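Below: the structure, in structure tokens.
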Amino acid sequence: MLQAKGPATAASTLEVKNNSVASAVQRSKSFNLKPPVKELCATCQKTVYPMERLVADKLIFHNSCFCCKHCNAKLSLGSYAALHGEFYCKPHFQQLFKSKGNYDEGFGRKQHKELWAHKEMENGTKSA
């Protein structure tokens, strides 16, 4: 009978220890088992770690991936201009604007005038 009590007592002490550890983990609110959210670079779609993180226009980049669309020069937060989600160095941004005199044609988009004229033509043919 003494031998039967020995293992049962050991098992009950293990249960008490396991329950106390489990309850301690449940009570701790600062300990989180979820992995941190991985931030991806808007250019290369690879993980961005905090030391190489750069945020421009609510997009996250690696320092090395934040480049001018026109010349691929490395940009900084003080040396870029953004238009329609594209990033340019300031000299090329001014050059592209001056080449056509507006923000649409200089940057490879259709002018808004043309889009409106196209819509007016569609509406005119539908009503006739």
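In full-length UniProt numbering, the protein residues as written are 1 to 128. All C-beta atoms, glycine included, are put in the ideal place defined by N, C-alpha and C. Predicted model only: the values in this text are computed from it and were never measured.
Cysteine 71 counts as exposed, since fewer than 16 other C-beta atoms from the protein chains shown sit within 10 angstroms of its C-beta. When Lys69, Gly85, His84 and Cys89 are compared, the shortest CA-CA separation from glycine 78 is found for Cys89. By the beta-carbon neighbour count (other beta carbons within 10 angstroms, threshold 16), valine 48 is buried. Annotation note: the UniProt domain "LIM zinc-binding" (39 to 99) contains the following uninterrupted beta strand (DSSP E) runs of length 3 or greater, listed N- to C-terminal: 53 to 56, 59 to 62, 80 to 83 and 86 to 89. The C-beta of leucine 40 has fewer than 16 other C-beta atoms within 10 Å across all chains shown, which makes the residue exposed.
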